[in-house]
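Residue numbering for the sequence shown follows the working numbering, beginning at 2 and increasing consecutively.
Just so it is clear, CB atoms sit at the ideal spot from N, CA and C, and this is done for glycine as well.
These numbers were taken from a predicted model, which means no experiment stands behind them.
Read the structure below first, then the notes.
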Amino acid sequence: MTLSSSLNAGVAALGANATRLAAISDNIANSATYGYKRVEADFQSMVIGGGSGRYSAGGVRSSTHRLIDQGGSLATTSNATDLAVRGRGMLPVARAAEVEAGNGESQMLLTTTGSFRTDSNGILRTESGLVLLGWPANPDGTVPEFPRDTSDGLKPVQINLNQMIGEPTTKLNLGLNLPATGTAATADGVPEGLSVEYFDNLGKPETVRIEFTPTIPGAGSSNEWTMTLMDSAQGNALIGEYTLQFDDSRTAGGTLLSVVVGGVGGAYDGANGSVIVNVAGGPMEVNIGRLGAPDGMTQLSDSFAPLSITKDGTPVGNMISAEVDENGFVHASFDTGITRIVYQVPLVDVPNLNGMVSLDQQTFLPSPESGRFFLWDAGDGPTGGVVSFAREESATDVAGELTDMIQTQRAYSSNAKVIQTVDEMLQETTNIKR
């Protein structure tokens, strides 16, 4: 009985050390695999009860588990869409075959790194066939609210480098000076004017013509101008008319004193210092400055000086590149100089990372042992940030694995010697009969 248990224990030990060697072999084989999580083998002793004065060897049992919560160091790359996660959290991906099949929602898998590049359809995917998932943004670059406990809102991140986009002009800031001498009784009354280009809803350039006509008094200075705005897209139709009165006091000289609508255009908003006029494509806010403030329009000295004329909106441009920031927002850059958010890539977290199911291509699947997943904004909650131009290296420490291999080899040889010794003792027992 005791000899038999010794033999069984030795055989069990050979199997356990073979399992450990397989784990070490897998780790070393993937020492250069980006995003690889090392496997560790654990041994548990088995105890078999025996009577008084007798002992039976129970042997050993082995088990393996993948240390998903242990990541490798980050390596710098030259590709803007090489992504890695610094800290806790994982990138949501899907298999390209499922995405291309188009049979409903693709199964969400998780990974900590990937070298994503656009395919013929502009979809970001790896060479191994993993597609990056994210929440699509609205046309204005804002990301709507999606449910965080389901992957239903996630879509393949698609970047069309031949995409064209433009932004209409909705706001115009007038920073200019009108000549104080222009409203004197001796002035010639010639209007001052300028044309400001804007972009309509289709990205075409149009023009707002702005003219300032002084009020000439019989004596002294009126400090009053009539501002008119005309839109080229409407055949130079009048879209705004305002009477501007400027202050001539010692403390606030040259600043706006009052703004009165002349029948065309929206009311003056004193809090923002702006008026609303309607160009062909819709309303446009024109900022002329607040009352009594030196910003916006002034009336000083003897010269007409457009000092700062700014506007929003851009002409139509082509997308030339895309990059993911640390918060997971995918920014598309256009040759007109504008940048717009087109997707947001969340980071997925589970309570027990090591409880997830390990799949091919360094991907993982949430399971009952890992707990329910939650989609976080990168950098929010327990998650870290997204790092572009980087990939996570393998978590394997080759020197440590080789050391473990030596220990495993010695343990295997020792247990083989136990089996050999038991065999010799059983042979001696057999020889007693002779």
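- The DSSP assignment places 193-200, 206-215, 225-232 as complete runs of the beta strand (DSSP E) inside the stretch 177-239, in order along the chain (cut-off: 3 residues).
- Close CB contacts of K156 within its chain, under the 6 Å cut and outside five residues either way in sequence, are with P137 (chain order).
- Only exposed fits I433, as fewer than 16 other CB atoms lie within 10 angstroms of its CB.
- Counting other Cβ atoms within 10 Å of its Cβ, I407 stays below 16 and is therefore classed as exposed.
- If you draw a 10 Å sphere on the C-beta of Q363, you find 16 or more other C-beta atoms in it, and that means buried.
- Assigned with DSSP and collapsed to three states, I420 falls in helix.
- Beyond the five residues adjoining it in sequence on each side, G190 comes within less than 7 Å, by CB distance, of P215, I217 in the same chain, given in chain order.
- By DSSP's assignment, R392 forms a beta bridge with A76.
- Excluding sequence positions up to five before and after N178, its CB lies within less than 6 Å of the CB of T299, L301, A306, all in the same chain and listed in chain order.
- Per the coordinates, the alpha-carbon of F147 lies some 14 Å from the alpha-carbon of L348.
- A straight-line Cα-Cα distance of about 30 Å links G11 and N31.
- Counting only runs that start and end inside the stretch 55-137, the alpha helix (DSSP H) elements of at least 4 residues fall at 97-102.
- Counting C-beta atoms within 10 angstroms of its own C-beta, E225 has 16 or more neighbours from the protein chains shown and is therefore classed as buried.
- When the Cα atoms are used, G183 and S275 turn out to be separated by approximately 24 Å.
- Of A24, T404, G88, M109, the smallest CA-CA separation from L366 is found for M109.
- For Y413, the three-state secondary structure derived from DSSP is helix.
- Closest option to T311, judged by alpha-carbon separation, among S223, L403, T170, G380: T170.
- The beta-bridge partner set that DSSP reports for L173 consists of V287, K312.
- When the beta-carbon positions are compared, G167 and V317 come within less than 8 Å of each other.
- The beta carbons of A85 and L134 sit no closer together than 8 Å.
- N353 sits in coil when the DSSP states are folded into three classes, being neither helix nor strand.
- Going by beta carbons, L230 and V209 fall inside the 8 Å limit.
- Nearest neighbour of N237 by Cα position, chosen from T244, T65, V197, L376, turns out to be V197.
- At a Cβ-Cβ threshold of 8 Å, A102 and G130 do not count as neighbours.
- Taken through DSSP and simplified to helix, strand or coil, N9 comes out as helix.
- When secondary structure is reduced to three states using DSSP, N28 falls in the helix class.
- Bounds of any beta strand (DSSP E) do not take in T337, whose DSSP letter is neither H nor E.
- Only residues of its own chain outside the window of five on either side were considered, and among them L230, I240, G241, G266, G267, M285, V287 have a CB closer than 7 Å to the CB of V278, listed in chain order.
- In the three-state reduction of the DSSP assignment, Q345 falls in the strand class, which pools E and B.
- Contact between E106 and D153 is confirmed by a C-beta separation of about 6 Å, below the 8 Å threshold.
- Contact between A396 and G60 does not hold, since their C-beta atoms are separated by about 31 Å, which reaches or exceeds 8 Å.
- Its Cα nearest to that of V132, the residue F117 stands out among I420, P140, F117.
- The C-beta separation of G282 from T227 comes to about 26 Å, leaving the pair out of contact by the 8 Å criterion.
- Rounded to whole angstroms, the gap between the alpha carbons of E327 and R87 is 9 Å.
- Annotation: the stretch 235-265 contains the following complete segments of the beta strand (DSSP E) (minimum length 3 residues), in chain order: 238-247, 257-262.
- Annotation for Q164: M320 place their beta carbon closer than 6 Å to its own, counting only its chain and skipping 5 residues before and after.
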